[in-house]
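Here's the structure, in structure tokens; my notes come after.
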Amino acid sequence: MMTGNYDPASPTPASADWFRRIGLRFDPYVHLEASGDPHLPEYTVNLDIFRVALDAAPTIIVAPPGGGKTATRVAVTRTCWFDIGGTYPFPLPYNLGMAPLTGKPPTATQHLRLLLEAGTCALLTGLAFRPERLLRSSDATIRATAAILRAGLPGPLDYYLAILRETGTPAGLTPLLERTYALTAPPQPDVLHLFCDALADPGVDAMRGQAEDIFQAFAGMLTGALGFSHILLLIDGIDAMYENQADVQYAARWVFDLFDRAEAWTGSNTFIKLFIPDLMEAAVTDYLHHHAIAARVAHIVWNHDLLVSMLRKRISAASEERFESLDAISTPALNDVERQIVVNLPPLPRVVLQVTRQALLRYAARLENGGQLDEDDIHHAIAWYRRHAAQQSPAPRV
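Structure follows, in structure tokens:
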């Protein structure tokens, strides 16, 4: 998949603040990786797959590269923390692309240690954004939470609490612990200080024991005292490593140990949600079939209407609802701009975002001379995509 933003043969690119020059408060097309997009909640498209990703059943969620796997995972994560009520599951993002580079898939024990670290990172960040969930708990629950956080976090709990006190906002934690937990409506600094005080009891030591025992205690606390309905193991990033891109059979081995535990985890209200590229589907489902492991398979499917909606939601959010479509900055001869873009491209969010941005960059580069977005800008961007599509990586071995 292409990653470049400019054609070397194009005119001089627009300045970095090109989006402000056309009336936008941010660039709504720059984040091709959804986990790094702070504005994603403002323009999430309602896909049927969300309900499947949220429910209490092991599921394999499939899409081609650039098809919205990470965006779906991030949207599910943020939906779960919509409020502090107990009707939502706890989202535990487990990015296999961040696993230690040993050259081999993690063992079952290594998976558990990584899951505990990912889970405690997610819990501390989520609770910092929604401290009421902890502050309304009993003293015993708060102490147990602190003990598990001390056991699982990659650094000292007191270090992260100091960052919260100094910054007065949980946003300072997200780059350190879990980027996808950049939630909306953060608490007031005084509430955040109460949260830090509650967890900072120096008399609470890290929970001791085997990784499996601590993880089970962690899961029990989430679905018990902290009031989450169930736990979603949101497993992503399996195709982020070069070795896995080159051999889907090898890549699938990274999740086999996890699925071997799926039935046992179901008993503790913990459910795997595995996000994989389409080329891995056969290897994973074949393993599940031969080992009699029950898991549904669901596909993220985009059509022209959904892609048009995605593009229009982005321009509306970036313009603070002044523009409902790129038609607002286009010549009278250019209508239904978003649809003209998507009907000429593969039905993949990443591709249509790249091409839309390329059209706007070309338009913004000549803004000093006036004018509007025109058909040439759209045609140029689509041609740019077609020229560079041949530079995609070779297909993985099946």
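Position in the sequence shown (from 1) plus 29 gives the number in my numbering. Using N, Cα and C, we set each Cβ at its ideal position, and we do this for glycine too.
Go through its chain and collect everything with a Cβ distance to residue i's Cβ below 6 Å, but skip five positions before and after it.
i, result
"residue 192", "201"
"residue 229", "190"
"residue 211", "67, 203"
"residue 264", "123, 303"
"residue 233", "172, 175, 176"
"residue 286", "137, 140"
"residue 198", "215"
"residue 181", "145, 146, 149"
"residue 343", "57, 72"
"residue 396", "50"
"residue 179", "186, 235"
"residue 283", "125, 134, 267"
"residue 48", "56"
"residue 418", "none"
"residue 376", "331"
Applying the 10 Å Cβ sphere with the 16-neighbour rule, what's the burial state of residue i?
i, result
"residue 302", "buried"
"residue 367", "buried"
"residue 268", "buried"
"residue 386", "buried"
"residue 104", "buried"
"residue 21", "Residue coverage of the chain in this structure runs from 30 to 427, which leaves residue 21 outside it and unanswerable."
"residue 213", "exposed"
"residue 188", "exposed"
"residue 45", "exposed"
"residue 242", "exposed"
"residue 253", "exposed"
"residue 183", "exposed"
"residue 406", "buried"
"residue 159", "buried"
"residue 293", "exposed"
"residue 118", "buried"
"residue 22", "One cannot answer for residue 22 here, as it falls past the ends of the chain, which runs 30 to 427."
"residue 306", "buried"
"residue 185", "exposed"
"residue 116", "exposed"
"residue 162", "buried"
"residue 155", "buried"
"residue 87", "buried"
"residue 323", "exposed"
"residue 238", "exposed"
"residue 325", "exposed"
Can you find a heavy atom of the ligand SAM that lies under 7 Å from the Cβ of residue i?
i, result
"residue 199", "Only the bare structure without any ligand can be found here, which leaves the ligand SAM out of the picture."
Run through the DSSP bridge pairs and tell me what residue i is partnered with.
i, result
"residue 222", "None, per the DSSP bridge assignment."
"residue 327", "90"
"residue 123", "264"
If I measure Cβ to Cβ from residue i and keep anything under 8 Å in the same chain, skipping five residues before and after, which residues do I get?
i, result
"residue 147", "121, 122, 123, 124, 207"
"residue 250", "170, 173, 174, 177"
Kindly list the residues whose CB is nearer than 7 Å to the CB of residue i, restricted to its own chain and excluding five residues on each side of it in sequence; keep chain order.
i, result
"residue 341", "353, 354, 367"
"residue 382", "58, 61"
"residue 371", "333, 336, 337, 381"
"residue 348", "52, 53"
"residue 244", "141, 144, 145"
"residue 194", "222, 225"
"residue 246", "177, 236"
"residue 428", "This structure leaves residue 428 out entirely; the chain is present only between 30 and 427."
For the region 134-163, which segments carrying the alpha helix (DSSP H) assignment without a break, of at least 4 residues, lie completely within its bounds, in sequence order? Fully enclosed alpha helix (DSSP H) runs of 4 or longer: 137-158.
Sufficient close CB pairs (3 or more, under 8 Å) joining the region 215-230 to the region 117-125: The region 215-230 is not in contact with the region 117-125.
Quick check for students: name the residue ranges of the alpha helix (DSSP H) that lie wholly in the region 262-314, counting only runs of 4 or more. Here the runs fully enclosed are 271-275, 277-289, 291-295.
Is it true that the region 59-76 meets the region 297-315, where meeting means three or more beta-carbon pairs spaced less than 8 Å apart? As far as the Cβ criterion goes, the region 59-76 does not touch the region 297-315, which means the pair count is below three.
Is the number of C-beta pairs between the region 92-109 and the region 325-341 that are closer than 8 Å three or more? A contact is defined here as three or more CB-CB pairs under 8 Å, and the region 92-109 meets this definition with respect to the region 325-341.
At 4 residues or longer, what runs of the alpha helix (DSSP H) sit wholly inside the region 346-406? The DSSP assignment places complete alpha helix (DSSP H) segments of no fewer than 4 residues inside the region 346-406 at 366-371, 378-394, in order along the chain.
Does the count of Cβ pairs from the region 75-86 and the region 166-174 closer than 8 Å reach three? Segments in contact, no.
Runs of alpha helix (DSSP H) wholly within the region 94-120 (minimum 4 residues, chain order): When DSSP assignments are scanned along the region 94-120, the uninterrupted stretches of alpha helix (DSSP H) that are 4 or more residues long and fall wholly within it turn out to be 98-109.
At least 3 beta-carbon pairs within less than 8 Å: the region 354-365 vs the region 318-325: A contact between stretches requires three or more CB pairs, one per stretch, nearer than 8 Å, and the region 354-365 fails this requirement with the region 318-325.
Any chance you could list the alpha helix (DSSP H) runs of at least 4 consecutive residues sitting entirely within the region 182-236, in chain order? The qualifying runs are 186-196, 218-228.
Minimum length 4: unbroken alpha helix (DSSP H) runs contained in the region 62-86: Segments of the alpha helix (DSSP H) lying fully in the region 62-86: 78-83.
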